[in-house]
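Following: one structure in structure tokens, then a few remarks.
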Amino acid sequence: MNKPTNERHATGSTAAASAHGINTVFDYEKVSTVSPQEFALLLSTFDPDRFTKSDQFDIQRVELLLDIKPGVLAGENMYLESYKCQSCGKQLAFSDFVYTAIKDAGHHKSFVVHTLIGAKMIRNKHRPVRCSNCDTVSDKPLNYWINNYQCCNSGNI
Ligand SMILES: [Zn+2]
Numbered sequence: 009m010n011k012p013t014n015e016r017h018a019t020g021s022t023a024a025a026s027a028h029g030i031n032t033v034f035d036y037e038k039v040s041t042v043s044p045q046e047f048a049l050l051l052s053t054f055d056p057d058r059f060t061k062s063d064q065f066d067i068q069r070v071e072l073l074l075d076i077k078p079g080v081l082a083g084e085n086m087y088l089e090s091y092k093c094q095s096c097g098k099q100l101a102f103s104d105f106v107y108t109a110i111k112d113a114g115h116h117k118s119f120v121v122h123t124l125i126g127a128k129m130i131r132n133k134h135r136p137v138r139c140s141n142c143d144t145v146s147d148k149p150l151n152y153w154i155n156n157y158q159c160c161n162s163g164n165i
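Anchor point for the sequence shown: position 92 equals 100 in this note's numbering, and the numbering is continuous, going up by one each time.
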């Protein structure tokens, strides 16, 4: 949100950044899903006490970041593993995860929106999250959860 940057890091991928810096490998059509059983097992290990749940203001930030109409995500349950920014002290939340997805992973906003509200059940790996307040990246990968999209291996959350 503060200093502009021309850098764009396509983390974890050898691919295919377009001229606009968008990582074209991430196509929702190609995202693999897990079985309902696997997803339920993952969810059964979820411990909300270890997570920060987005309040309405954080959800509004997510909507702003993704250029979607206010209220579309209202009432969604969004969680990010509890973590305080080591630099500015901000309690990171799901909007920081979305900020990271756009800024560091080079994801197109449309891809992120579809991932978050699509019908696919997706399990992804945990990842370092960038503080949207001071741009510092967390010193460890963080878990996250929203409806149909979550991290990690069962037992890890
Ligand atoms: Zn910070």
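Every residue gets a Cβ at the ideal spot worked out from N, C-alpha and C, and that includes glycine.
In this structure the region 39-49 does not touch the region 63-71; the number of beta carbon pairs closer than 8 Å is below three. Looking at the backbone, the Cα of C93 and that of E37 are separated by about 34 Å. L73 places its beta carbon 7 Å or farther from that of V121. These are the residues, in chain order, with a beta carbon less than 6 Å from any non-hydrogen atom of ligand 1: C93, S95, C96, K98, C139, N141, C142 and T144.
Residue T144 holds the alpha-carbon nearest to the alpha-carbon of L100 among Q45, K128, A127 and T144. Beyond the five residues adjoining it in sequence on each side, K117 comes within less than 7 Å, by CB distance, of L74, D75 and I110 in the same chain, given in chain order. Cβ-Cβ separation between S90 and F59: approximately 6 Å, consistent with a contact (criterion under 8 Å). Between T108 and V70, the CB-CB gap reaches or exceeds 7 Å. Here DSSP, grouped into helix, strand and coil, assigns F34 to coil. At a Cβ-Cβ threshold of 7 Å, N151 and C159 count as neighbours.
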